[in-house]
Each structure stands twice: as C-alpha cells, then as structure tokens.
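Numbering (UniProt numbering), first residue to last: 1 to 387. A virtual CB, placed ideally from N, CA and C, is assigned to each residue, including glycine. See structure below.
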Amino acid sequence: MSYLFPTYQKWEIEPVSANGCKLIDANGKEYLDFSSGIGVCNLGHRPKAVEEAIETQLKKYWHVSNLFHIKEQEKAAKLLAKNAEMDLVFFANSGAEANEGAIKLARKYTGKHKIVTFEQSFHGRTFATMAATGQEKIKQGFGPMLESFVYVPFNNTEMLKNAMDESVAAVMLEIVQGEGGIHIANEEFLKETEKLCKEYGALLIIDEIQTGIGRTGKPFAFQHFGLKPDIVTVAKGLGSGLPIGAVIGKIELESAFGPGSHGSTFGGNPVSVAAAIATMETIFQEEFLKNTVEKGKYLIGKLKTVLGKSPIVSEIRGMGLMIGIELKTDVQRLLSELRKNGLIALPAGSNVLRLLPPLTVTVEEIDEAAVIIEATIQQFMNKTVKA
Ligand SMILES: *Cc1c(COP(=O)(O)O)cnc(C)c1O
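Here it is, written out as structure tokens:
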C-alpha cells in the first residue's frame, strides 16, 4: 500500500534518472520527456549551469532567513524585474503562493476586493487561488469559497465590460490557459482588458506561472502583446525544478508591501534562488529565445503535417513550446498509450493533449516525438474501431 494521500492519479513509471529530454525508469526503459515536470524543467533535466550554481550555493549556506541581506536574492530579483520591465519582486515557494501574494497585494494597494478571473483558468489550490480558478471541479467539496471573485468567459470583451465597475481591485488572467486546455488569449481582448483596468482603477495581474521563463519564446508571454501589467506571477520554470515562485510588481505598489505586511519563511531560499539565476541567465538570451520560437514553429508544423487529416484531432495550437492537440476523444487513454511507446506528455482539460518539451529539445527529439504521436494515434484509432 501507499502511505501517500491519493491526490494524484499516478502513472506507471518510476524514474531512476533523467538528463536533458530523456528519462529512464526502473525497468531501464527510456522515455522522451515532453512534460518537463509540468513545465518546470525548461532547460531539461539537470542542466549543467544550474547544477553548478546549486552546488556552489550548497557549500556556502542553505538557509538563513529573510531577515538577512541575501545578495543572490537581489540578483535574481533584478533579472526578473529587468526582463519583465517592472520594478519589485517578492519571492515565494510555488505558483499558488505567488498568486496568493499577488491577490493580497492588489487588495491592499487598491483598498478594494473584487477580482475578475476567467472561465477554465487555473491559478492554484490554496483558498484564494482556488477561488480565483474558473473550474468547478477544483472547488468541489471545499466550500464555501473565498468571496469576491467573478468569472468571465475567456476572450470575451463584452462580458468583461459587463463585469467591470469601480469596485474591481484586479483582473487576473493567463496569456495561454495551460491547465484549462491551451487556450490562447487574442490580442484585441488583451488590449481591451488593459484599457478597462485603467478606466476602472483596477490592476492587471498576469499569471505567467506556466507561460513565463521563456516557455512561449519571450521571457514572459505578455511581451508578445506589448502589455504593461501591474503584477506578474511566475513559478514553474523559474528554478529548473527547485521550488520557487515570485510576484513581480510595479514601483507604485511598494508601500502596500511594507515591513511586516507579507512574508514567507522559505520564500527566496538561497539554493532555489541560485538555480533561478542560472536558469534566467541561460534562457533570457536573445539567441536562446529565438531558438525556442523556431523549435515551437517546427514542432507545430510537424504535428500539423502528421495529424492534419486525423479524424480524432480537431485543432493544433500553441505558442512557443507550449502546445495543445485538441482531440475528439478523452485524452487520458491516449497519454497512457504514448507512454507505452516512449513519450511522456500531459493532459490539459479533458480532451487536449499538452506538450511542454524542454526549451533545449533538439530537432531530432522533436522528429522522434512526432513519429511516436502519429503512430500512437493510428494504433489508438485501430483499437477503437475494433472495440
Ligand atoms: C501550475 C500553475 C499554478 C499553480 O502553481 P503551483 O506551484 O502548483 O502552486 C498557478 N497558475 C498557473 C497558470 C499554473 O500553470
């Protein structure tokens, strides 16, 4: 029996080692890992630069508390702020904690409490972030929810207009809804959202927990649209697998997060911060990001070629290396067949196959994955027809 609460429907794989895009299980079977630890290992497994940064920090100290000046935190905060064209950073340990901080910051700064979020969004599992999430299944059995969250259909400017008034503290959104099914925000909707926030004195919070740190081919996905958010949250890819999250904010918000207003014992842990610095120094390079965009285009093109005529595929969409294949069937069984054939992928919603390969994935690995996906979908259809 397992001593773990069964909160996760676990896969049959027990990893024993992993390197780059490859993962090896206890039976010696090798997989192409197109999940990257759910969009976390953006440089692949155990990237050298990050490993060295962690080892160096391990030999200095591991934890001292946020009452001390920690030079590395300053360096990581500067990298985040400069690359986001924003000003101040608060370090947390996870995505939910970063969003929790963002919601608190927006409420305190504006003195208002209503937060507008979107249907199918995902913002986390804590009480505030669960309430912010626009998916009923996440909330089941945990009510009553934290009040003052309002949900609007994604990409629907008219409905957003109806939800806006002077009492709104913030609008919070993902540029590409990750867990909700790889739904991409359209430019006009985003521009209109930014304008409405200004008009009603609400802050624009962008949840970049899955889209940030190069995943879409820019440091942050909002930069594809020239937006100027007030608050941005990151986590997943930031520490290459070490736990860390961050709230990035504009200078105007400084007074709302003064001494004693918010905190976290582990937030900005020096080892995680060392990993974050090495990760950002690698990813936030023009050449690296250009490569990510090219590989994303190549992967989408490849998928469209091999799956374009498949009767069970309804759409292929994505941004950078965040890609969804929408299916006319449930995704879970297909994912299990893919694993048997050596490819690890993820679900998004109930019927979208999500690919989040490391940004360091090679063209050969993309070709290999496309072959596996094509063959597996073919096998899958043959089986379904027979059954
Ligand atoms: C994963 C995710 C979160 C939650 O992050 P945790 O680290 O699991 O708390 C929040 N928002 C988005 C967009 C995510 O993808």
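Cβ-heavy atom distance, N27 to ligand 1, below 7 Å: no
Cβ-heavy atom distance between Q210 and ligand 1 below 7 Å? yes
CB I213 to CB I300, shorter than 8 Å? no
What first and last residue would you give for the beta strand (DSSP E) that runs through Y31? 30 to 33
Pick from V313, S94, K236 that is closest to S35, judged by C-alpha positions: K236
Residue burial classification, Q210 (beta-carbon count within 10 angstroms, cutoff 16): buried
Below 8 Å between beta carbons: does that hold for L334 and L327? yes
Looking only at C-alpha atoms, which of R317, P311, I312 sits nearest to K302? R317
Per the contact definition of three or more C-beta pairs closer than 8 Å, is the stretch 16 to 26 in contact with the stretch 306 to 320? no
Determine whether the beta carbon atoms of A348 and G181 lie at a separation below 8 Å. yes
Taking only three categories from DSSP, how would you classify E315? strand
Closer than 7 Å: is that where the CB of E119 sits relative to any heavy atom of ligand 1? no
So does R125 have its beta carbon nearer than 7 Å to some heavy atom of ligand 1? yes
Just reading off the beta strand (DSSP E) that Y151 is part of, what are its end residues? 149 to 152
I'd like the ranges of any alpha helix (DSSP H) spanning at least 4 consecutive residues and lying wholly in the stretch 79 to 124. 95 to 110
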